Amino acid sequence: MSSAPVSRRAFLAGSAGAVLGAAAVGAAAAPAPALLSARNKAVSPAVLSSDLYASPDPQRFVFGIYRGARPASFGPADVAFAPPGTKTYTTFSTELLKDGLPKGRGLYVAEAVFPAAGIWTAQAVLPKQAVPFAVQVKERPEAPVVGAAAPAAPSPTPVAPLDVDPICTRVPKCPLHAVSLSEVIGTRPVAVMFATPALCQSQYCGPVLDQLLDVMAPYQQQGVAMVHVEIYTSTRGAKVAPTVEAWGLPSEPWFYTVDASGVIRDRLDGAFATTEVTAALDRLVA
């Protein structure tokens with residue numbers, strides 16, 4: 073990875089290519105309905121997954137539904153994908169998750185398989201229509217994946233802020249900055265939330281830190297270290313924080329669990345329900 077500082081513009085642009093379509097559905101870091109949909113109340117998907125990659129294994133694929141400019145993730149919806157250059161669709165069932173999310177901004181989550189890189193055509197399969205869109209699948213992931221060793225880079229603390237100011241943009245500040253990731257990874261189970269409450273670029277990502285704060289107590293009692301890392305070095309959002317660079321994250325927010333040996337157990341990106349956070353924590357302490 074390059075050691076050159078990453079600007080906020082470059083950070084967001086890095087994930088903007090993950091979601092494609094005739095009328096750009098929206099960047100993964102800042103999902104939004106298509107421009108035409110905002111004008112005519114049409115239904116459009118907002119893809120929230122930002123790091124899809126070629127693999128024979130299932131991956132978490134997450135999206136929301138908009139009607140015009142308004143979130144409308146209410147009813148049933150499946151998702152279908154066709155590999156690059158084909159029209160042969162495979163349909164995956166989804167689970168609609170709402171816990172911890174603003175009204176109407178539920179998440180449709182599927183375990184999809186993308187064995188080849190390239191531009192995949194897709195459809196959000198609704199009760200009365202199938203809405204087309206497309207996603208880009210990369211040759212390899214940018215962010216660390218399940219089963220890989222977690223980066224041991226330090227994270228900002230009050231004693232060593234790493235030129236990040238403030239180290240927490242939540243109001244009031246959260247208590248998850250007392251220890252650095254470099255102190256706990258490989259020594260005990262860790263849960264780390266990469267999110268910036270003050271500058272969140274996703275219409276879904278705002279509540280994720282509060283979701284963790286609401287459920288963390290019983291897991292802390294079982295020895296899990298909880299850490300929050302801001303995405304940017306300041307509230308201007310002009311430069312990505314060094315820990316985010318070290319992890320290679322292409323978007324925001326992200327949630328990881330890491331076992332006591334330093335191996336990643338779960339990763340969630342784009343947006344996630346509280347039930348997904350607790351399920352990942354349950355697996356960590358099982």
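Position 11 of the sequence shown, counted from 1, bears residue number 83 in my numbering, the numbering being contiguous throughout. For every residue, glycine included, the Cβ atom is placed at its ideal position computed from N, Cα and C. These numbers come from a predicted model, not from an experiment.
query, result
"Starting from the Cα of Q293, find the closest Cα among K200, V262 and L271 and give me that residue.", "V262"
"Within 10 Å of its beta-carbon, does S116 have 16 or more other beta-carbons around it, so buried, or fewer, so exposed?", "buried"
"Using a Cβ-Cβ cutoff of less than 6 Å, which residues in the same chain neighbour A220 once the five nearest sequence positions on both sides are dropped?", "I336"
"For S323, which three-state DSSP category applies?", "coil"
"Check each candidate in G136, R132, A141 and S122 and name the one with the smallest Cα separation from K113.", "A141"
"Roughly how many angstroms lie between the CA atoms of P216 and L198, to the nearest whole one?", "33 Å"
"For the beta strand (DSSP E) containing E214, name the first residue and the last one.", "Here E214 belongs to no beta strand (DSSP E), and DSSP marks it neither H nor E."
"Measure the alpha-carbon distance for P148 versus P226 and round it to whole angstroms.", "42 Å"
"DSSP puts G190 in a beta bridge; with which residues?", "V209"
"So who's on the other strand from V280, going by DSSP bridges?", "In the DSSP output, where bridge partners are listed per residue, V280 has none listed."
"In whole angstroms, give me the CA-to-CA distance for V357 and Y291.", "8 Å"
"What does DSSP give as the partner residue(s) for T162 in the beta ladder?", "F153"
"The beta strand (DSSP E) spanning L340 covers which residue range?", "I336 to D341"
"Taking 6 Å as the line, does the beta carbon of G140 fall inside it for any heavy atom of the ligand SAH?", "As presented, the structure is devoid of all ligands, the ligand SAH included, so that no description of it is given."
"Taking the continuous alpha helix (DSSP H) assigned at Q201, which residues delimit it?", "First-last for Q201: undefined, no H or E at that position."
"Give me the residue from A270, V209, V316 and S252 with the minimum Cα distance to P244.", "A270"
"How close, in whole Å, do the beta carbons of F205 and A184 come, if the pair is a contact with beta carbons under 8 Å?", "Not a contact, Cβ separation roughly 13 Å."
"Whose C-beta lies closer than 8 Å to the C-beta of A224 among residues of the same chain, with five residues either side of it excluded?", "L253, S254, I257, G258 and G334"
"Taking C-alpha atoms, which residue in P155, T229, F135 and R212 lies nearest to L314?", "Reading off the sequence shown, one finds Pro at residue 314, where the question assumed Leu. Of the listed residues, the one whose Cα sits closest to P314 is T229."
"Can you tell me where the alpha helix (DSSP H) with A224 in it begins and where it stops?", "A224 -> no alpha helix (DSSP H), and no H or E assigned at all."
"Please list, in chain order, all residues of the same chain as R81 whose beta carbon is under 8 Å from its beta carbon, the five residues on each side excluded.", "Only weak support exists for where R81 lies, its pLDDT of 35 falling under 50; the coordinates are left without a value."
"Specify the secondary structure class of V312 as computed by DSSP and reduced to three states.", "strand"
"For L92, collect the residues of the same chain with a Cβ closer than 8 Å to its Cβ; drop the 5 residues on either side in sequence, then sort them by chain order.", "Below a pLDDT of 50, predicted positions are generally treated as unreliable, and L92, at 39, falls in that range; the measurement from the model is reported next regardless. These residues qualify, in order along the chain: I191, F205, A206, V207 and Q208."
"Check whether the Cβ atoms of A189 and A126 lie closer than 7 Å to each other.", "yes"
"What's the call for P322, buried or exposed, on a 16-neighbour Cβ count within 10 Å?", "buried"
"Any contact of the region 348-356 with the region 231-245, i.e. 3+ C-beta pairs under 8 Å?", "no"
"Cα separation between D123 and Q283?", "22 Å"
"Quick one: what's got a C-beta closer than 7 Å to T162's C-beta in the same chain, skipping five residues either side?", "A152 and F153"
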